[in-house]
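Read in order, the letters of the sequence shown are residues 1 to 244 in the numbering used here.
Ideal Cβ positions, reconstructed from N, Cα and C, are used throughout, including at glycine.
Down below is the structure, laid out as structure tokens.
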Amino acid sequence: MRIDVITLFPEMVQAVIEYGVVGRASDKGLLQLTLWNPRDYTKDKHRSVDDRPYGGGPGMLMKVVPLQACIAAVRLQSPDARLVYLSPQGSVLKQKQINQAANWKNLILLCGRYEGIDERILQQEVDEEWSIGDYVISGGELAAMVCIDAITRQIPGALGHQDSAELDSFSAGLLDCPHYTRPESINGLKVPDVLLNGNHRLIEEWRDKQALGKTWKNRPDLLEKMELNEKQRKLLKEFIAESE
Ligand code: 4GS
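Structure representation (structure tokens):
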């Protein structure tokens, strides 16, 4: 997959392909990241990339002409990519959208700085608007990095054997169960016995039950959208009874 990122801070976004799963995917050629800086498309002496908003008020917008020129340059290399603008006004990302995007051949991510971009760029150039959550960050770069990481993990071959266990946590629509490693006791808190006994049927059942319980406690909205099977309803009932 090819991902082009338009950003005033390319060094920041570069970091996402320098570590861990995404780094290895990039080394293997599963992900090709290309960074573009609108500042390189300025023609004035000061290379300015911000401009004042019509109507006044505080804050600046990204300057239109360099941004348009930069988008045009990206489009020459990635003519049929979907262009996604990251902003809090976008649809809030879910695993489902991430998985869909992982099937695209190419993708252009546009990172906003300041108060964002001119509405007409949005109308004419942007195919989709995505948000990573209902909060404000200082620039679209971190949002783009979140997208690149989450999408790359879904590219076949990106996850090694060690990482692939993480695949099922959200694909099942539930939160992950608790995990334990050595030592067996920390300040008197013991690892649940079931995990020490080596009965894999019981261990799997315990994990399913804990995942259901955690979701019930922290994200009841996720459970409401799900159709639990008979076994899952029984396990959740037990979890609730035990937690009372
Ligand atoms: C988000 C967000 C964001 C909005 C960028 C104000 C600088 C900032 N981008 N999901 N201008 N949430 N962007 O907060 O994607």
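Given a threshold of 16 other Cβ atoms within 10 Å of its Cβ, counted over all protein chains shown, does residue i qualify as buried or as exposed?
i, result
"methionine 226", "exposed"
"glycine 112", "buried"
"aspartate 4", "buried"
"lysine 63", "buried"
"serine 87", "buried"
"valine 65", "exposed"
"alanine 241", "exposed"
"glutamate 141", "buried"
"tyrosine 19", "exposed"
Is the beta carbon of residue i sitting closer than 8 Å to the one on residue j?
i, j, result
"valine 22", "leucine 8", "no"
"leucine 93", "tryptophan 130", "yes"
"lysine 214", "leucine 175", "yes"
"leucine 228", "leucine 222", "no"
"lysine 105", "methionine 1", "yes"
"tyrosine 41", "alanine 15", "no"
"isoleucine 203", "leucine 195", "yes"
"tryptophan 216", "phenylalanine 239", "yes"
"leucine 110", "cysteine 147", "no"
"alanine 150", "valine 13", "no"
"arginine 82", "glutamate 11", "no"
"lysine 28", "glycine 157", "yes"
"cysteine 177", "glutamine 210", "yes"
Spatial neighbours of residue i within its chain, please: C-beta separation below 6 Å, excluding the five flanking residues on both sides.
i, result
"serine 26", "Ile17"
"valine 126", "Leu83 and Tyr85"
For residue i, which residues of its own chain have a beta-carbon under 7 Å away from its beta-carbon, when the five flanking residues on both sides are left out?
i, result
"leucine 67", "Pro38, Ile117 and Ile121"
"asparagine 99", "Gln154"
Among residues of its own chain, excluding the 5 on either side of residue i, which ones have a beta-carbon nearer than 8 Å to its beta-carbon?
i, result
"methionine 296", "Summary: the structure shown does not reach residue 296, with the chain confined to residues 1 through 244, and so no result is reported for it."
"glutamine 77", "Asp4 and Thr34"
"tryptophan 36", "Asp4, Val5, Ile6, Thr7, Pro10, Cys70, Ala73 and Val74"
"asparagine 103", "none"
"valine 191", "Tyr180, Glu184 and Ser185"
"aspartate 163", "Val21 and Arg153"
Do the region 180-197 and the region 132-140 meet, that is, are 3 or more Cβ pairs less than 8 Å apart? no
Whole beta strand (DSSP E) runs in the region 29-73 with 3 or more residues, listed along the chain? 32-36
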